[in-house]
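Encoded as structure tokens, the structure appears first; notes follow it.
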């Protein structure tokens, strides 16, 4: 007996935070924050920095560096993450586009954010 292929149970907005039920404003902020955070972590992992290296490079206390390395992104503002990215030699850009007119079917608009590592 053949099984039918699984059909998608929902349609995503390309923003996991919206899919989880956050407001569009919160979802956009969380998406930007996570993109910056992930770029920073990739850079740290690639360079093989130690906590001591990062304390010096980021001009930050060990507890904050520990929070960063342990993925506690809620401890950091977007501004602080941008400062860290700059100190790690990352080039950051933010592109804001006007949203298309809402679709008559009530579909959610899609926002894309890119942080270059």
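In the numbering used here, the protein residues as written are 373 to 489.
Backbone N, C-alpha and C define an ideal beta-carbon position, used for all residues, glycine too.
Bear in mind that the values here come from a model prediction, so they are computed numbers and not experimental data.
query, result
"Nearest-angstrom Cα distance between residue 403 and residue 443?", "15 Å"
"Answer yes or no: do residue 421 and residue 412 have a C-beta to C-beta separation smaller than 8 Å?", "no"
"Taking residue 450 as the reference, which of 406, 462, 470 has the closest Cα?", "406"
"How far does the alpha helix (DSSP H) with residue 439 in it extend, from its first residue to its last?", "434-441"
"Leaving out five residues before and five after residue 469 in sequence, what residues of the same chain have Cβ atoms less than 7 Å from its Cβ?", "none"
"Need the endpoints of the alpha helix (DSSP H) that residue 472 sits in, please.", "Premise fails: residue 472 is in no alpha helix (DSSP H) and is neither H nor E."
"Expressed to the nearest angstrom, what Euclidean distance is found between the alpha-carbon atoms of residue 417 and residue 471?", "35 Å"
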